[in-house]
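Some notes on the structure that comes next.
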Amino acid sequence: MRLCKVIGSVTAAVKHPAYFGLTLMIVQPLDATSMEEKGSSILAVDTVQAGPGDQVLVMSEGSGVRQILKTSPTSSPIRSVIVGIVDVVTLDEDASV
Amino acid sequence: MYLGRVIGTVVARRKVSGLEGAKFLVVQPLCERLQESGPTQVAVDTVQAGLGELVYLVGSREAALALDPYFVPVDAAIVGIVDGLHRPERDVQDWTP
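Protein chains in written order, with the numbering used here: chain A, 1 to 97; chain S, 101 to 197.
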């Protein structure tokens with residue numbers, strides 16, 4: 001998974017049926033050591049009622065998504081899902097990479 | 101998934117089986133500020149997106165699930181036409197077409 005910050009949301013009336021009824025958020029990946037924004041934002045389906053400004057865990061793998069959304073393996077073109085809202089990140093100060 | 105702008109179309113009469121009837125569009129991937137966030141690509145369209153429209157796409161293996169029948173050999177599929185972007189964590193207004 002990746003640590004990300006929720007930036008906002010996307011609305012779309014015309015979309016693939018697999019996305020009907022789902023909330024699509026814009027998430028900005030963060031560097032876990034500096035908490036700075038790193039890389040470009042992506043979109044992820046929300047399953048934990050995350051809101052803008054929240055730090056979240058984003059999982060990007062299809063079969064895991066289907067397991068979470070309980071969809072059939074042949075009809076779910078969804079890759080990224082918010083799977084948790086982060087409360088605390090604690091890093092080992094003297095850990096060397 | 102990620103945002104993109106439809107900037108062109110591609111016609112390919114000779115192609116692998118399974119791609120018959122698939123509509124190919126040229127897409128410029130975008131970040132949440134609607135700035136270029138990667139190289140242009142060609143994606144299969146599943147929502148009748150038009151030139152100039154802001155869309156969102158799913159990539160890699162999950163894109164193969166966007167078409168019916170599934171597992172058509174594509175690695176990028178347009179799965180939504182964006183009606184609005186709400187970005188409170190950025191100092192920009194909401195976006196609508």
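Even glycine gets a Cβ: it sits at the ideal position worked out from N, Cα and C.
Can you list, in chain order, the residues of its chain whose CB lies under 7 Å from that of residue i, leaving out five sequence neighbours each side?
i	result
S/R114	none
A/P77	H16 and A18
A/T47	I68, V81, I82 and V83
Determine the DSSP secondary structure at residue i, reduced to helix, strand or coil.
i	result
S/A112	coil
A/P17	helix
S/E189	coil
S/A176	strand
S/A164	coil
S/G104	strand
A/G39	coil
A/S63	helix
S/L151	coil
A/L69	helix
A/R79	coil
A/V58	strand
A/Q28	strand
A/L22	coil
S/Y170	coil
A/G51	coil
A/A95	coil
A/V86	coil
A/A44	strand
A/T74	coil
A/S9	strand
S/V182	coil
Among the residues of its own chain, which have a CB less than 8 Å from the CB of residue i, if the five just before and after it don't count?
i	result
S/V142	V110, F124, L125, V126, V127 and A176
A/G51	V6
S/D194	G184, L185, H186 and R187
S/E136	Q128, P129 and L130
A/L91	A32 and T33
Are the beta-carbon atoms belonging to residue i and residue j less than 7 Å from one another?
i	j	result
A/V58	A/I68	no
A/S40	A/I26	no
S/T66	S/V106	Nothing can be reported for residue 66 of chain S, as the shown portion of chain S is limited to 101 through 197.
S/V158	S/I181	no
S/E162	A/I7	no
A/V86	A/Q55	yes
A/L24	A/V14	no
S/Y170	A/T74	yes
A/R66	S/M101	no
Leaving aside the five residues before and after residue i along the sequence, list all residues of the same chain whose C-beta is less than 6 Å from its C-beta, in chain order.
i	result
S/A122	V144
A/D31	K38
A/L3	L30 and A32
A/E61	none
Item to check | chain A contacts made by the segment 172-195 of chain S, where a contact means CB separation under 7 Å | outcome: Residues A177, V179, G180, I181, V182, D183, G184, L185, H186, R187, P188, E189 and R190.
Item to check | Within the segment 119-149 of chain S, ranges of the beta strand (DSSP E) (whole runs, at least 3 residues) | outcome: The qualifying runs are 124-130 and 141-145.
Item to check | Within 8 Å of chain S by C-beta, residues of the segment 29-43 of chain A in sequence order | outcome: Taking 8 Å as the Cβ-Cβ cut-off against chain S, the residues of the segment 29-43 of chain A that qualify are S40, S41, I42 and L43.
Checklist entry - Any residues in the segment 54-81 of chain A with a beta carbon nearer than 7 Å to a beta carbon of chain S? Which ones, in chain order? => result Within the segment 54-81 of chain A, the qualifying residues are G62, T74, S75, S76, P77, I78, R79 and S80.
Checklist entry - Of the residues that make up the segment 1-30 of chain A, which ones have a beta carbon closer than 8 Å to any beta carbon in chain S? => result From the segment 1-30 of chain A, only K5, V6, I7, G8, S9, V10, T11, A12, A13, V14, K15, H16, A18, Y19, L24, I26 and Q28 have a Cβ closer than 8 Å to chain S.
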